[in-house]
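Shown next, in structure tokens, is the structure this report addresses.
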Amino acid sequence: MNLFKKINLRAAFPLILLFLGLMVLGMCAQSKKDRVEKEKAEAVRENIPPVHVVTLEMKPQTVRDRISLPGNLAPWVTVEVSAEASGRILKKNVNVGDRVVKGAVLAEIDGEKYTNAYRSAKATYDNALSTKQRLEALYKSDLSNKSDLDAVSAQMENARAAMAIASVDLKHTLVRAPESGIVNKVYAEQGQFADIGKPVCEIIRTDPIKVKVGIPESDVSAVTNLKTFKVTVDALKGRTFTARKHSLSGTTSSLARVYDLELVMDNPKGELLPDMFVRVDIVKKEIPGALAVPLYAVLSLNGKTVVYVEEEEKAVMREVVTGAQDGWMLEVTHGLTPGDRVITVGQRSVADGQKIHRVRDHETQENLLK
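Heads up, the sequence shown is in my numbering, so the first residue is 9 and it goes up one at a time.
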């Protein structure tokens, strides 16, 4: 039996050698084929005209980790002016949109009954005063008693108080602005009856003006120590203003889990109006000496984040690690060094090792916009 196995192995040995030889030849042929195809590809690539590109030289700069949040303007103060006297409105002096100063007369209420009340109280007072003077003279001559003198003195003081009340009521028939600002609403019209406590108009103060913005809970800690903010107003062609922090709520105001941040801005010209849409720029952190590239220069290939840089007139792919975003610039924490020239135009038309022709090189990111 063992002899039979030895005979079979001896017979199969040449076949095994032949199979192994064929495998080696096949591998050599495949390797040669791959080498030829690679040489052909390289030859084709050499014949492809270079791609025109624009580059940005990497220089250390300060990158600001910032967020831009939507907000809106609101009046700094809103005052509802109510009537403090009752009567028919004889004259309305303001309309919606009018600017008024503190103390300006907004409306005039019929004060005839208060005038009559004042006159009546004054007549009573004058009569009591005359009676008191006469009784004092009699009292000195022992012709009058002390109780009569005290009674007329009390009557005179009551009349004096009634005069004071009527005088105040008479002043309240002129409805005056308690605050300088803009008339936002008018509730009463000429001829209508005004009652005590009934609103006449609403005045808003817009200098300074308030900025209201919701802060996500993840960014509250970054906002806590900030004092100033940049605010962009779309309605004023994107103009930017500086605002100061006024208050930050300690609790969230909605299911959106945002904290109410209120800022204050000067508005001497009145060009900022309530309910205008704004964007609040919040710088969470500053990173000095960082390298940054435009967002559009960064590509995603085969699960990797890459950029192309120029090396000896060729495009070379670099895998990078990104960090903070500063507007349309993105920090690169690993993969680039100062002096590298990153391709910012043409990067989607090149491959690793492809010839390129640099038509323009920018030294700063500001030049990219020119």
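In this text, a Cβ means the ideal position worked out from N, Cα and C, and glycines have one as well.
| Check | Outcome |
| --- | --- |
| Beta-carbon proximity of P296 to T63, cut-off 8 angstroms | no |
| Option nearest E210 by Cα separation, candidates G354, A359, P83 and R74 | P83 |
| Expected contact under 8 angstroms - CB spacing of V328 and H342 to nearest Å | 6 angstroms |
| Counted within 10 angstroms of its Cβ, other Cβ atoms place V52 as buried (16 or more) or exposed | Residue confidence is low: V52 scores 49 on pLDDT, short of 50, so the model does not pin down where it sits. No coordinate-derived value is stated. |
| Entirely enclosed beta strand (DSSP E) segments - the segment 325 to 351, minimum 3 residues | 329 to 334 and 337 to 342 |
| CB of A129 within 8 angstroms of CB of A174, strictly | yes |
| Simplified DSSP assignment, three categories, for V52 | Legend: pLDDT at V52 = 49, less than 50; position of this residue unreliable, value from coordinates given subsequently. Three-state DSSP puts V52 in a helix. |
| Where M273 falls: helix, strand or coil (DSSP) | strand |
| Whole beta strand (DSSP E) elements within the segment 137 to 185, 3-residue minimum | 182 to 184 |
| Y122 - DSSP class collapsed to helix/strand/coil | helix |
| Supposed contact pair S90 and P207 - C-beta distance, whole angstroms, cut 8 angstroms | 5 angstroms |
| Status (buried if at least 16 other CB within 10 Å, exposed otherwise) for Y122 | buried |
| heavy atom of the ligand GDP below 7 angstroms from M284 C-beta | By its list of ligands, the structure shown contains no ligand whatsoever, and the ligand GDP lies outside what it can speak to. |
| Which of helix, strand or coil DSSP assigns to E92 | coil |
| Assumed close pair G187, K110 - CB separation to whole angstroms, cut-off 8 angstroms | Before going further, note that residue 187 is Glu rather than Gly in the sequence given. Indeed they touch by this definition, with Cβ atoms about 6 angstroms apart. |
| A233 versus A332 - alpha carbon distance | This sequence places Asn at residue 233; Ala is not what is there. Straight-line Cα distance between these residues: approximately 20 angstroms. |
| Range of the contiguous beta strand (DSSP E) that encloses V367 | I364 to H370 |
| Range covered by the beta strand (DSSP E) that runs through A298 | F285 to P302 |
| Exposure label - A196; buried when at least 16 CB within 10 Å | buried |
| Contact belief for V87 with L182 at Cβ below 8 angstroms, rounded distance in angstroms | Between L182 and V87 the Cβ distance is about 17 angstroms, and since that is not below 8 angstroms, they are no contact. |
| When E320, R326 and G105 are compared against T313, the one with the closest alpha-carbon | R326 |
| Of the listed residues H60, D274, E144 and A230, nearest to R72 (C-alpha basis) | A230 |
| Cα-Cα separation, V291 to E321 | 38 angstroms |
| Short Cβ contact (8 angstroms threshold) for Y133 with R168 | yes |
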